[in-house]
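In what follows, a single structure is set out as structure tokens and then discussed.
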Ligand SMILES: NC(=O)C1=CN([C@@H]2O[C@H](COP(=O)(O)OP(=O)(O)OC[C@H]3O[C@@H](n4cnc5c(N)ncnc54)[C@H](OP(=O)(O)O)[C@@H]3O)[C@@H](O)[C@H]2O)C=CC1
Ligand SMILES: O=CC(=O)O
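In the numbering used here, the protein residues as written are 332 to 622.
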């Protein structure tokens, strides 16, 4: 199967490499062209524009930063809309809000194309090892057609019904993840300032009822101040912001998520937007040790 792939950031590069390794023919496009080099070295072709990729491929996948990027690649000059037509499918795996997904869906389907939103849960390493969780909604026939690609990219796919449900599920999951990361960061600092060994805290957490792969995976690096980006902090803050808007729309009070959003915003203001979201720990460390 020939697949188009738009966006070769942390996730897109890992996912397109996985498709190549598993025998898919892949044509890629990235706004910053040099980021295509590594996947081209592994056999990918390059399209000069999103439109050119869609023209060549029956199914095109995108995974881009945020709603503005997702909309730009579809609606701008040389964008997806210029070539999408009957018989072609477009799958947006970016984390966006349901309104953005609906706007893209309406535009694609008004041209006769098929659209699926399919944001993913799981980060750089699950993307590299094909262990993502795929949260799809929209065109069921396209979901089934994309099954062989989803089986390579993920360990489990969910079909959640109408457009918007995939985005909503992803935002709920990431709202919880961002809130938990803040509580974890406060715990690490509290343990250390309270005279405990934070490595002991990691061991204790790992044996109890709140044991968590995120604590196990990121905790030791956080204690070394190592924030190599797997999930950039700026994207986690975008997800908190979009989840809070969903809370607004549904009159759900979310004081914990609102506080977590503020902490990620603080992280951005400290210049931490491009490092891993676990760097929110630095916003807790900022508070002075009581004398
Ligand atoms: N990293 C992670 O752990 C996970 C991320 N996600 C979500 O997946 C998406 C991608 O994340 P990730 O790969 O980490 O992000 P990156 O920041 O590494 O990559 C972002 C991609 O979007 C492209 N892009 C940004 N703005 C534009 C624009 N205006 N027009 C065209 N292309 C644009 C970038 O192009 P360029 O190279 O030119 O800048 C790049 O290809 C996000 O929505 C994120 O929330 C979901 C699950 C896990
Ligand atoms: O969106 C981020 C993730 O780890 O999932």
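Beta carbons: idealized from backbone N, C-alpha and C, even for Gly.
Is there at least one non-hydrogen atom of ligand 2 closer than 7 Å to the beta-carbon of residue i?
i: residue 460; result: no
i: residue 562; result: yes
i: residue 505; result: yes
i: residue 510; result: no
i: residue 426; result: yes
i: residue 584; result: no
Assign residue i to buried or exposed, taking buried as 16 or more other Cβ atoms, counted over all protein chains shown, within 10 Å of its Cβ.
i: residue 480; result: buried
i: residue 508; result: buried
i: residue 609; result: buried
i: residue 373; result: exposed
i: residue 371; result: exposed
i: residue 333; result: exposed
i: residue 570; result: buried
i: residue 365; result: exposed
i: residue 475; result: exposed
i: residue 521; result: exposed
i: residue 441; result: exposed
i: residue 367; result: buried
i: residue 583; result: exposed
i: residue 594; result: buried
i: residue 560; result: buried
i: residue 445; result: buried
Taking 7 Å as the line, does the beta carbon of residue i fall inside it for any heavy atom of ligand 1?
i: residue 451; result: yes
i: residue 445; result: no
i: residue 342; result: yes
i: residue 353; result: no
i: residue 361; result: yes
i: residue 394; result: yes
i: residue 350; result: no
i: residue 663; result: Residue 663 lies beyond the residue range present for the chain, which begins at 332 and ends at 622; the question has no answer from this structure.
i: residue 486; result: no
i: residue 338; result: yes
i: residue 408; result: no
Please report the residue range of the alpha helix (DSSP H) in which residue i lies.
i: residue 611; result: Per DSSP, residue 611 belongs to no alpha helix (DSSP H) and is neither H nor E.
i: residue 485; result: Here residue 485 belongs to no alpha helix (DSSP H); instead the beta strand (DSSP E) covers 485-490.
i: residue 593; result: 586-600
i: residue 617; result: Careful: residue 617 lies outside any alpha helix (DSSP H) and carries neither H nor E.
i: residue 344; result: 341-352
Is DSSP giving residue i helix, strand or coil here?
i: residue 460; result: helix
i: residue 419; result: coil
i: residue 445; result: strand
i: residue 333; result: strand
i: residue 391; result: strand
i: residue 559; result: coil
i: residue 376; result: strand
i: residue 607; result: strand
i: residue 403; result: helix
i: residue 583; result: coil
i: residue 503; result: helix
i: residue 477; result: coil
i: residue 451; result: strand
i: residue 573; result: helix
i: residue 469; result: strand
i: residue 494; result: coil
i: residue 536; result: helix
Can you confirm whether residue i, when its beta carbon is compared against all beta carbons of chain C, has any partner nearer than 8 Å?
i: residue 497; result: Judged by its chain identifiers, the structure shown contains no chain C, having just a single protein chain.
Need the endpoints of the beta strand (DSSP E) that residue i sits in, please.
i: residue 395; result: Where residue 395 is concerned, there is no enclosing beta strand (DSSP E), given that its DSSP letter is neither H nor E.
i: residue 357; result: 356-360
Closer than 7 Å to a non-hydrogen atom of ligand 4 - does that hold for the CB of residue i?
i: residue 570; result: Ligand 4 is not part of this structure, which contains only ligand 1 and ligand 2.
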